[in-house]
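First comes the structure, then the notes that go with it.
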Amino acid sequence: MERHDSVFLFKDILEPILLSLLKIEEESSDSAPKAHALSSSISQFQFLVNIFVLSRMLSTTHNLSEKLKKKHKDLSKAIANVTSVLDMLSKQRVNANDNFKFLYAQVKEIAAKLDIKEEIPRVCRLQTARNNVPYSTEEEYYRQVVYVPYLDDFCNSLKEGFESHKETVASLQDILPEFCTKTDFYSLEAAFNFYEEDLSHKEVVQRKFMLWKEKWSQEKSANLPKTAISSLEKCDKTFFPNIYILLKQLAVLPVSVATVERSFSSLRRLKTYLRNTTSESRLNGLALLSTHRDIKIRDEVLLISLLVYQEIWTSFCKLYIKRQTFFLCIHFITPYL
1 MERHDSVFLF KDILEPILLS LLKIEEESSD SAPKAHALSS SISQFQFLVN
51 IFVLSRMLST THNLSEKLKK KHKDLSKAIA NVTSVLDMLS KQRVNANDNF
101 KFLYAQVKEI AAKLDIKEEI PRVCRLQTAR NNVPYSTEEE YYRQVVYVPY
151 LDDFCNSLKE GFESHKETVA SLQDILPEFC TKTDFYSLEA AFNFYEEDLS
201 HKEVVQRKFM LWKEKWSQEK SANLPKTAIS SLEKCDKTFF PNIYILLKQL
251 AVLPVSVATV ERSFSSLRRL KTYLRNTTSE SRLNGLALLS THRDIKIRDE
301 VLLISLLVYQ EIWTSFCKLY IKRQTFFLCI HFITPYL
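In the UniProt record's numbering, the protein residues as written are 1 to 337.
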């Protein structure tokens, strides 16, 4: 999300940024060379094309990125959202000429405002890395060199991240009560083959699936659980052990690494992140306090805990003479408890 917003913001305030850099460049200061280097890069027509193409692509995936970072997100729903975005990008790829023509007009407009000349980079006669792209106009050059390759790479990145799981997740999804009543066991073949080591014999799983299907066939469609979490709560672990395992796998499949990144960010907020000399349990406790700040701690509970651990602190300080400063602090705050 932050990367999306930063690109959008940079594009919107591109003119003030360039004017500010030119102003710094005119002044005789240590920052003038750096400002000149940055302004020279921004003043390139190719840079404008790149930033506008990037902004167009990220605007397509902005809502998708926001949804994927939510804590309670089904992987099956995430793949459905990604598929919708891929369909939209595929249509843009088919109509690349018309779509880029409108985008290129915006680039030329901002270039004229910033007094940037419309031109292409220098082309070598003999290129060893790749062949020169044939073009008749500047617009055609940037469409073939920047827009189309970036659009293709963008689509491939989404496919690599989600399409590889599509068959397994689609198969796992059929275990949900909403879908199991309309399908048979053969639709679970991909999921069974993938999690075969965690399940019983195939015939046992098949019979349990038939019982699971029969159980929900007697319910009204409005009462059927729609998600893996709600289905897991309604599943009898002892009677449907294999179904429970498959539902648990579907429920815990990670959509993204956002939750892990949140824990890292919370841990970095701790003062003892890099200089901690205490035990791992204390670090975990500090991390929990930092992460779950919404939980209120009652004063009486905290007071009782301090009184209970006071004797432990005192014994510890007596054993380790180097901790005498800490020992004195404990005695100093004791009268105020």
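Backbone N, C-alpha and C define an ideal beta-carbon position, used for all residues, glycine too.
Checklist entry - If you run the structure through DSSP and keep just helix, strand and coil, what is Thr83? => result For Thr83, the secondary structure class from DSSP, reduced to helix, strand or coil, is helix.
Checklist entry - Which whole-angstrom value is the C-beta distance of Ile120 and Glu138, which I expect to be below 8 Å? => result About 6 Å separates the Cβ atoms of Ile120 and Glu138, confirming a contact at the 8 Å cut-off.
Item to check | CB of Ser39 within 7 Å of CB of Leu22, strictly | outcome: Yes, these two residues count as a Cβ contact at 7 Å.
Checklist entry - Quick one: is Asp143 buried, meaning 16 or more other Cβ sit within 10 Å of its Cβ, or exposed? => result Checking the displayed sequence, the identity of residue 143 turns out to be Arg instead of Asp. A buried status is given to Arg143, since no fewer than 16 other beta-carbon atoms sit within 10 Å of its beta-carbon.
Checklist entry - In chain order, what residues of the same chain have a beta carbon less than 7 Å from the beta carbon of Val82, not counting five sequence neighbours either side? => result Correct list, in chain order: Leu64, Leu158 and Phe162.
Checklist entry - What's the C-alpha gap between Arg275 and Phe52? => result Below a pLDDT of 50, predicted positions are generally treated as unreliable, and Arg275, at 49, falls in that range; the measurement from the model is reported next regardless. So the two alpha carbons sit approximately 44 Å from each other.
Checklist entry - Would the stretch 185-203 and the stretch 218-236 be scored as touching if the rule is three or more Cβ pairs under 8 Å? => result Output reads no: the stretch 218-236 does not touch the stretch 185-203.
Checklist entry - So what's Pro16 in DSSP terms, helix, strand or just coil? => result Three-state DSSP puts Pro16 in a helix.
Checklist entry - What are the boundary residues of the alpha helix (DSSP H) that Met147 is part of? => result For clarity, residue 147 is Tyr in the given sequence; the question names Met instead. Unbroken run through Tyr147: none, as it is neither H nor E.
Item to check | C-alpha gap between Val94 and Glu27, whole angstroms | outcome: Approximately 49 Å between the Cα atoms of the pair.
Checklist entry - Quick one: Cα of Leu246 to Cα of Gln92, how far? => result In a straight line, the C-alpha of Leu246 is about 38 Å away from that of Gln92.
Item to check | C-alpha gap between Val107 and Asn99, whole angstroms | outcome: Cα-Cα distance, rounded: 13 Å.
Next on the checklist: Taking only three categories from DSSP, how would you classify Leu60?
Outcome noted: The sequence as given places Thr at residue 60; Leu does not occur at that position. If DSSP states are grouped into helix, strand and coil, Thr60 belongs with the helices.
Item to check | Cβ neighbour criterion (16 or more within 10 Å) applied to Phe209 | outcome: So Phe209 counts as buried.
Checklist entry - Three or more beta-carbon pairs under 8 Å between the stretch 221-239 and the stretch 175-195, yes or no? => result Here the stretch 221-239 makes contact with the stretch 175-195; the two share three or more CB pairs at distances below 8 Å.
Item to check | Supposed contact pair Ser171 and Glu160 - C-beta distance, whole angstroms, cut 8 Å | outcome: Rounded, the Cβ-Cβ distance is 20 Å, inconsistent with contact.
Item to check | Contact check, Leu103 vs Arg56, beta carbons under 7 Å | outcome: Cβ atoms of Leu103 and Arg56: closer than 7 Å.
Next on the checklist: Please return the same chain residues whose Cβ sits closer than 8 Å to the Cβ of Lys11, not counting the five positions on each side in sequence.
Outcome noted: For Lys11, where only same-chain residues beyond five positions count, the Cβ hits under 8 Å are Ile51, Phe52 and Ser55.
Checklist entry - Is the beta carbon of residue 402 less than 7 Å from the beta carbon of Leu48? => result The structure shown has nothing for residue 402, since the chain only spans 1 to 337.
Checklist entry - Contact check, Val148 vs Val133 under 8 Å by CB: the rounded distance? => result Contact doesn't hold; Cβ gap of about 10 Å is too wide.
Checklist entry - What number of angstroms, rounded off, separates the C-alpha of Met88 from the C-alpha of Thr60? => result Across the structure, Met88 and Thr60 are spaced so that their CA atoms are roughly 8 Å apart.
Next on the checklist: Here's a check: name, in chain order, each residue in its chain whose Cβ is nearer than 7 Å to the Cβ of Leu328, leaving out the five neighbours to either side.
Outcome noted: Its pLDDT being 47, under 50, Leu328 is placed unreliably by the model, and the measurement read from it follows with that caveat. Cβ contact annotation for Leu328 (same chain, cutoff 7 Å, sequence separation greater than five): none.
Next on the checklist: Relative to the C-alpha of Pro16, which candidate in Arg3, Lys182, Ile42 and Ile297 has its C-alpha closest?
Outcome noted: Looking at the Cα atoms, Ile42 is the closest of the given residues.
Checklist entry - Hey, Cys180 and Lys213 are a contact pair by Cβ (cut 8 Å); roughly how many whole angstroms apart? => result With 8 Å as the limit, Cys180 and Lys213 qualify as a contact, their Cβ atoms being about 5 Å apart.
Item to check | 8 Å contact criterion, which Ala96 and Leu151 should meet: CB distance rounded | outcome: That pair is a contact at about 7 Å.
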